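Written below as structure tokens is the structure these notes are about.
There are 2 protein chains.
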Amino acid sequence: MIPEDFLFIGVDGGGSGCRARLADAGGRALGEGTAGPAAVRFGIAGVLAAVESAARAAAVNAGLPAEVLARADAVIGLAGIGRKDVVEALTQAPHPFRSVAYVNDATIACLGAHGGRDGGVVIVGTGSVGLALLRGREVRVGGYGFPISDEGSGADIGLRAIGHSLRAHDGRIAPTALTRAVMARFDNDALAAIAWTDQATATDYATLAPLVMHHAENGDSVARGIVIGAAKEIGALIGALAARGAGRIALVGGLATPIASWLAPDAQSRLVPSEADALDGALRLARRSVGKSHAA
Amino acid sequence: MIPEDFLFIGVDGGGSGCRARLADAGGRALGEGTAGPAAVRFGIAGVLAAVESAARAAAVNAGLPAEVLARADAVIGLAGIGRKDVVEALTQAPHPFRSVAYVNDATIACLGAHGGRDGGVVIVGTGSVGLALLRGREVRVGGYGFPISDEGSGADIGLRAIGHSLRAHDGRIAPTALTRAVMARFDNDALAAIAWTDQATATDYATLAPLVMHHAENGDSVARGIVIGAAKEIGALIGALAARGAGRIALVGGLATPIASWLAPDAQSRLVPSEADALDGALRLARRSVGKSHAA
Chain A
281 MIPEDFLFIG VDGGGSGCRA RLADAGGRAL GEGTAGPAAV RFGIAGVLAA
331 VESAARAAAV NAGLPAEVLA RADAVIGLAG IGRKDVVEAL TQAPHPFRSV
381 AYVNDATIAC LGAHGGRDGG VVIVGTGSVG LALLRGREVR VGGYGFPISD
431 EGSGADIGLR AIGHSLRAHD GRIAPTALTR AVMARFDNDA LAAIAWTDQA
481 TATDYATLAP LVMHHAENGD SVARGIVIGA AKEIGALIGA LAARGAGRIA
531 LVGGLATPIA SWLAPDAQSR LVPSEADALD GALRLARRSV GKSHAA
Chain B
281 MIPEDFLFIG VDGGGSGCRA RLADAGGRAL GEGTAGPAAV RFGIAGVLAA
331 VESAARAAAV NAGLPAEVLA RADAVIGLAG IGRKDVVEAL TQAPHPFRSV
381 AYVNDATIAC LGAHGGRDGG VVIVGTGSVG LALLRGREVR VGGYGFPISD
431 EGSGADIGLR AIGHSLRAHD GRIAPTALTR AVMARFDNDA LAAIAWTDQA
481 TATDYATLAP LVMHHAENGD SVARGIVIGA AKEIGALIGA LAARGAGRIA
531 LVGGLATPIA SWLAPDAQSR LVPSEADALD GALRLARRSV GKSHAA
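First to last, the protein sequences are chains A and B. The C-terminal position of the first sequence is numbered 576 in this note's numbering, with every residue numbered one higher than the one before it. The C-terminal position of the second sequence is numbered 576 in this note's numbering, with every residue numbered one higher than the one before it.
Structure below.
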């Protein structure tokens, strides 16, 4: 049994934002909060600031003072946490919680999607990754970061959209409604677009993904090419998890709904709806850890 | 007429190295020198250091003290100089020469390749770019930087090689001799490969290109796919310059020879051999400027 005064907090940090949910010992959600991006590539300090900000907002939303976080056990899922040494650095940093555990954002998404049972998830948001939990073992596919990996993600889609728009601008391909819309964002100035790319992060590139999806749905040939390519990559992540033994796979993340309809039938047929979200998965993991320590 | 005590120096700075050539008033080459990378993305200070180092080496090679550089008019071609504000910042920086002019590396390559006459060049080395000089006007295609552009370049080829190797490693595609050779460079440790990509520059990625070309020539399916894709991109640069009126186009840069044989016949048929190298083009431009000022 978990003592009644215990609180739990689940956090889901990605390239475009961070969400937190506070729950009581009985598992009831008390409040939620959001903050800015909290992917590992923003740096330890940036991640910790966003996580704390979202957690405080969840406490306020629950009608509780921020000090209650000191009574909460936190599980924090972060995009990009597979990178070396990152978990160690995070674990050593100060935090406002009673305890804290850092895991990959895909892990909590998977726990949430399948109610803690075996299964897989493919996340397609700013980044992309596939992860399955199978008999206590984690299988991971892709999601090694942008631009080396994260195939089919919002960042990948945005990068290709700019690349094709610059090709259309200099005459290598015929312009389309998409390439004109992208260049219009830079006042049709290729130098302005290039200056933007000099500074652009995965998050910045991903802001173009909704525009690409919109034009693809309207039949734009360049946009269709990009989205069909992205759907093929997402399908490859689904297929790889299935081949490793994931019987049911959920597609989650900001681009999950728009990209799902572009998947090939075999990839679509493997998908199941998520039972709950990543925050539920994080809270499940937090309660499981505390439950174990109290059972021991 | 150019006074006899004038000296000229041409410099060609790219992502993988920097070359300088010292010539006398009569156009005779006196000495050559090399130094490390001098692409704009390495920063103004890095560029200036490499340029000066190569120029000093050229003076030494000519049997002259480095002080002779103060008598030399320099034309310096740099990869990536199209980026905003860069020429201004370079021009304001101190230098050891009598005078200095900074231009794009493709400009001097084009002047060298066609002996100062109209024509185009496609550079394929660490980066890629197409440039034509047509009736005094510069036409540029691509070369907007990596990874947004520089399609078909050594960096692009290297990035794809790592990306495919990680896919093979996690089971999305079948491993091949190339993907095994790439992973072997990281002791078959995906985390080590990812940690490397976190820091890798275009120059680092380009170091993998010779390995990819080698495996493509041996029939490796993944390597062939990458090289065929790169050749298609280089062909698009050639085609775009031809469509803009470039009657003869030279393919130059570290990957020019290996990639040429992979080009489609229509792209190959547009190619002519270079008359001279980029340093010759830089020296031609330097002499032209001084010649003009003495004619005036």
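Even for Gly, the Cβ is constructed at its ideal location relative to N, Cα and C. Keep in mind it's a predicted model, so treat the numbers as computed, not measured.
Residue from the options whose Cα sits closest to the Cα of residue i
| i | options | result |
| --- | --- | --- |
| S569 of chain B | B:A330, B:D353, B:R301 and B:G293 | B:D353 |
| P374 of chain A | A:L559, A:K512 and A:A325 | A:A325 |
| E308 of chain A | A:D292, A:A335, A:A342 and A:E332 | A small fix is needed here, since residue 308 of chain A is Arg in this sequence, not Glu. Taking only the C-alpha atoms, the option nearest R308 of chain A is A:A342. |
| A386 of chain B | B:P317, B:G395, B:G400 and B:R378 | B:G400 |
| R299 of chain A | A:R447, A:V320, A:A350 and A:G357 | A:G357 |
| A274 of chain A | A:T459, A:P376, A:H444 and A:A305 | A question about residue 274 of chain A goes unanswered here, because the residues of chain A that appear run from 281 up to 576. |
| L563 of chain A | A:L491, A:G294, A:G505 and A:A303 | A:A303 |
| G505 of chain A | A:W542, A:L310, A:Q372 and A:D560 | A:W542 |
| R417 of chain B | B:S429, B:G396 and B:P427 | B:G396 |
| A337 of chain A | A:S296, A:G313, A:T483 and A:D430 | A:G313 |
| P553 of chain B | B:A346, B:R301, B:H394 and B:S379 | B:H394 |
| A461 of chain A | A:E555, A:A454 and A:L491 | A:L491 |
| A475 of chain A | B:S429, B:A464 and B:M463 | B:S429 |
Distance between residue j and residue i (C-alpha atoms, nearest Å)
| i | j | result |
| --- | --- | --- |
| E513 of chain A | G407 of chain A | 12 Å |
| R524 of chain B | A315 of chain B | 35 Å |
| A510 of chain A | V404 of chain B | 27 Å |
| E284 of chain B | L344 of chain B | 16 Å |
| A576 of chain A | L287 of chain A | The predicted position of A576 of chain A is uncertain, since its pLDDT is 46 and thus under 50; a value taken from the coordinates is nonetheless stated next. So the alpha carbons of these two residues sit roughly 19 Å apart. |
| G323 of chain B | E332 of chain B | 14 Å |
| V502 of chain B | I518 of chain A | 21 Å |
| R447 of chain B | A330 of chain A | 32 Å |
| M493 of chain B | V507 of chain B | 7 Å |
| K572 of chain B | I282 of chain B | 9 Å |
| L551 of chain B | R528 of chain B | 6 Å |
| Q577 of chain A | T371 of chain A | The structure shown has nothing for residue 577 of chain A, since chain A only spans 281 to 576. |
| D469 of chain A | D450 of chain A | 11 Å |
| G392 of chain B | R351 of chain B | 23 Å |
| D557 of chain B | S445 of chain A | 32 Å |
| D292 of chain A | I388 of chain A | 8 Å |
| V409 of chain A | A516 of chain A | 11 Å |
| G561 of chain B | G290 of chain B | 8 Å |
| G423 of chain A | L310 of chain A | 32 Å |
| G294 of chain B | G425 of chain B | 12 Å |
| T483 of chain A | P427 of chain A | 12 Å |
| G533 of chain B | Q548 of chain B | 16 Å |
| A473 of chain A | S379 of chain A | 45 Å |
| A346 of chain B | T481 of chain B | 32 Å |
| A454 of chain A | R440 of chain B | 25 Å |
| R301 of chain B | L565 of chain B | 13 Å |
Other residues of its chain near residue i: CB distance less than 8 Å, five sequence neighbours each side excluded
| i | result |
| --- | --- |
| T477 of chain B | I442 |
| V320 of chain A | V327, L358, A359, G360, I361, R363 and V366 |
| I539 of chain B | V404, G432, M493, V507, A510, A511, I514 and L531 |
| G297 of chain B | T314, A315, G316, P317 and A318 |
| T456 of chain B | A448, H495, D500, S501, V502 and A503 |
| N498 of chain B | A457 |
Assigned exposure category for residue i - 16 Cβ within 10 Å defines buried
| i | result |
| --- | --- |
| A486 of chain B | buried |
| A526 of chain B | buried |
| R567 of chain A | buried |
| N384 of chain B | buried |
| P545 of chain A | exposed |
| D467 of chain A | exposed |
| L559 of chain B | buried |
| T537 of chain A | exposed |
| A369 of chain B | exposed |
| L521 of chain A | buried |
| L471 of chain B | exposed |
Contacting residues, own chain, Cβ-Cβ under 7 Å from residue i (five flanking each side not counted)
| i | result |
| --- | --- |
| A489 of chain B | G434, I437, G438 and L535 |
| V348 of chain B | L287 and A339 |
Proximal residues to residue i (C-beta, below 6 Å), its chain only, five neighbours per side dropped
| i | result |
| --- | --- |
| L577 of chain A | Here chain A covers residues 281 to 576 and nothing more, so residue 577 of chain A does not appear. |
| A381 of chain B | V355 |
| C578 of chain A | Residue 578 of chain A lies beyond the residue range present for chain A, which begins at 281 and ends at 576; the question has no answer from this structure. |
| R420 of chain A | L411 |
| L458 of chain A | H495, D500, V502 and A503 |
* **Whole runs of the alpha helix (DSSP H) within the stretch 354-425 of chain B, excluding any shorter than 4 residues** => Runs of the alpha helix (DSSP H) inside the stretch 354-425 of chain B: 366-372 and 385-393.
* Which whole runs of the beta strand (DSSP E) in the stretch 415-489 of chain B are 3 residues long or more, in chain order? -> The qualifying runs are 417-421.
* Could you pull out every unbroken alpha helix (DSSP H) segment of at least 4 residues lying fully inside the stretch 491-539 of chain A, listed in chain order? => Taken in chain order, the unbroken stretches of alpha helix (DSSP H) that lie wholly in the stretch 491-539 of chain A and span 4 residues or more are 501-523.
* To do: Scan the stretch 293-346 of chain A and note each continuous alpha helix (DSSP H) run of 4 residues or more that stays entirely inside, going in chain order.
  => Segments of the alpha helix (DSSP H) lying fully in the stretch 293-346 of chain A: 324-341.
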